[in-house]
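Residue 163 in the UniProt record's numbering is what sits at position 163 of the sequence shown, and the numbering runs on without skipping anything.
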Amino acid sequence: MSGRGWKIGELARRVGLTVRTLHHYDRIGLFSPSHTTESGHRVYSDEDVRTLLQIISLKQLGFSLGEIRAMISDRGADPREMLELQLNRLDAEIAALTEVRDRVRRIYEHLQRGRPVSTEEIMAVAHALTLTRSPHFRREQVEDLRRRYLALDPAEQQRLFETGRRLVSEFRRCLSAGKPPDDPEVIALARRWKEATGALLPADEPLTQAAERYYRENPDAGLIFGMDGELYRYIKQAVSHE
């Protein structure tokens with residue numbers, strides 16, 4: 001092997017990664033040492049280091065490891081296409097954050113003028129910001145939800161919010177009363193729930209799966225609407241029976 005060889009610990013320190021990260025990259029087939037010494041130690045070449053620096057740069061641009069792996073393996077990939085993809089993602093994220101910023105500004109202006117602002121509205125903004133930055137949802141999913149929300153007039157937005165809170169309260173009452181998810185009253189609630197959420201949530205299986213992963217890992221994220229992890233699972237089961 002021409003040039004020097006880099007052991008994994010030395011390379012990790014040099015580029016500011018952990019040994020665990022480099023092992024992970026090796027396991028998923030993203031980046032592996034290209035040489036082995038006579039004693040059996042795997043070492044990275046100078047060319048390997050250049051590849052790793054490309055990976056680090058692409059990751060900083062926001063590409064996923066799977067996307068980076070495809071780019072690295074396809075030496076003929078056009079960098080303009082990769083950058084265009086990332087620009088589109090950044091535009092969608094900026095638009096979503098701009099909407100959150102505008103909502104925060106409206107709340108601030110109301111407070112400046114002495115107008116009342118509900119705690120629920122402030123919490124809704126915080127929740128929207130959390131979803132925007134959540135890795136569970138693709139940027140295009142967040143952008144689609146944002147467009148759907150903006151298409152509603154403020155009165156309709158408020159009506160949907162109040163309807164959701166009221167339905168959650170009724171679901172909670174049924175759960176506390178010990179009614180099973182397939183009880184006729186609960187199924188009727190589930191039907192109304194689907195009608196209310198249909199205004200914002202399309203019949204999108206990937207989006208549903210993303211939401212389920214999010215609430216599974218953040219079971220109390222729905223507390224803004226009075227819904228904890230147990231109630232979320234109850235409503236999900238009721239909807240499946242509807």
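For every residue, glycine included, the Cβ atom is placed at its ideal position computed from N, Cα and C.
Check whether residue i and residue j have beta carbons under 9 Å apart
i, j, result
"LEU30", "LEU61", "no"
"VAL49", "ARG13", "no"
"GLU230", "LEU167", "no"
"THR36", "ARG42", "yes"
"TRP6", "SER45", "yes"
"GLU185", "LYS194", "no"
"GLU47", "SER34", "yes"
"ILE28", "GLN54", "no"
Assigned exposure category for residue i - 16 Cβ within 10 Å defines buried
i, result
"ILE19", "Sequence inspection shows Val at residue 19; the Ile mentioned does not correspond to that position. VAL19 comes out exposed."
"GLU99", "buried"
"ALA70", "exposed"
"LEU11", "buried"
"ALA92", "buried"
"LEU87", "exposed"
"LEU111", "exposed"
"LEU90", "exposed"
"MET1", "Reliability of the predicted coordinates at MET1 is poor, the pLDDT of 44 falling under 50, and the value obtained from them is presented with this limitation in mind. With fewer than 16 other Cβ atoms within 10 Å, it is exposed."
"ILE68", "buried"
Residue i - DSSP class collapsed to helix/strand/coil
i, result
"THR37", "coil"
"ARG166", "helix"
"ARG113", "coil"
Beta carbon proximity, residue i to chain D, threshold 9 Å
i, result
"GLU170", "No chain D is part of this structure, which consists of one protein chain only."
Any non-hydrogen atom of the ligand FAD within 8 Å of residue i CB
i, result
"GLU67", "This structure lacks the ligand FAD; in fact it carries no ligand of any kind."
Nearest-angstrom Cβ-Cβ length linking residue i and residue j, presumed shorter than 8 Å
i, j, result
"TYR232", "PRO181", "The pair is not a contact, with the Cβ atoms about 12 Å apart (cut-off 8 Å)."
task = Mind the definition here: the stretch 177-195 touches the stretch 230-240 only if three or more C-beta pairs lie below 8 Å; say whether that holds.
result = At 8 Å Cβ cutoff, the stretches touch.
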